[in-house]
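Numbering (numbering that gives the first Met the number 0), first residue to last: 0 to 165.
Even glycine gets a Cβ: it sits at the ideal position worked out from N, Cα and C.
What follows is a set of notes on a single structure, which appears directly below.
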Amino acid sequence: MFQKGDKLYSIVGMKCPRCHEGKLWKTPFHKMKLYDMYENCPVCGLKYEQEPGFWYGAMYMAYTFSSGALLIVMLVCMFVLKWNLTQIFTAVGITALIGFTYNARLSRSAWLNIMVSYNPNWKKQNEERERKRAELKAQGVNVDEVSSLTSQGKHGFESDNKIFKV
Ligand SMILES: [Zn+2]
Numbered sequence: 000m001f002q003k004g005d006k007l008y009s010i011v012g013m014k015c016p017r018c019h020e021g022k023l024w025k026t027p028f029h030k031m032k033l034y035d036m037y038e039n040c041p042v043c044g045l046k047y048e049q050e051p052g053f054w055y056g057a058m059y060m061a062y063t064f065s066s067g068a069l070l071i072v073m074l075v076c077m078f079v080l081k082w083n084l085t086q087i088f089t090a091v092g093i094t095a096l097i098g099f100t101y102n103a104r105l106s107r108s109a110w111l112n113i114m115v116s117y118n119p120n121w122k123k124q125n126e127e128r129e130r131k132r133a134e135l136k137a138q139g140v141n142v143d144e145v146s147s148l149t150s151q152g153k154h155g156f157e158s159d160n161k162i163f164k165v
């Protein structure tokens, strides 16, 4: 349905938002290890947790997704299936339990995809970064202290130009 390069492809497919190839999670979601996430994309190296506290934003996504999904279940039970109140609450409860882990992961995936865009040139950028690192290292600069060269996150790439002023 969705192709590589589409936001929905990486959100629903739980792929790295930058390269659309690397996985976000180490284990399938039904294993119940909620946040068993890779620190960096195994393919392009993007740092998933962009900054400390980054995942707090995903809670808002989780809230939106879960209330939306539960509302739909409730409305279908009420108006399509015409169930009684006990049946409706049971259905909503079961949906919430089953959807809990998937929703937790989907919300992180969506949040990360909102913050980081697809970049088909990631390979070239990584090579450029390594080249700059080697160049500065040769000049005696401690490259690990140049944040734009150590962080593989979005903010690191945006500040790439600053390194020439070191
Ligand atoms: Zn990636």
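Query	Result
So, does the region 105 to 112 touch the region 60 to 70, judging by three or more C-beta pairs under 8 Å?	yes
Could you give the DSSP three-state label for Cys18: helix, strand or coil?	coil
I believe Cys40 touches Tyr34 by the beta-carbon criterion, under 8 Å. Please report the beta-carbon distance rounded to the nearest angstrom.	Incorrect: roughly 16 Å between the Cβ atoms, too far for contact.
Grouping DSSP H, G and I as helix and E and B as strand, with all else coil, what is Met36?	strand
Expressed to the nearest angstrom, what Euclidean distance is found between the alpha-carbon atoms of Met31 and Gly139?	47 Å
Quick one: is Arg17 buried, meaning 16 or more other Cβ sit within 10 Å of its Cβ, or exposed?	buried
Would you check whether ligand 1 has a heavy atom nearer than 8 Å to the C-beta of Trp82?	no
May I have the straight-line CA-CA distance separating Ser65 from Ala95, to the nearest angstrom?	8 Å
To the nearest angstrom, how far is it from the Cα of Pro27 to the Cα of Tyr8?	17 Å
Judging by CA-CA distance, which residue of Lys22, Gly12, Lys81, Glu144 is the nearest neighbour of Tyr37?	Lys22
Output the distance between the C-alpha atoms of Gln2 and Met73, rounded to the nearest integer angstrom.	32 Å
So, Asn141 versus Cys43, is the Cβ gap smaller than 9 Å?	no
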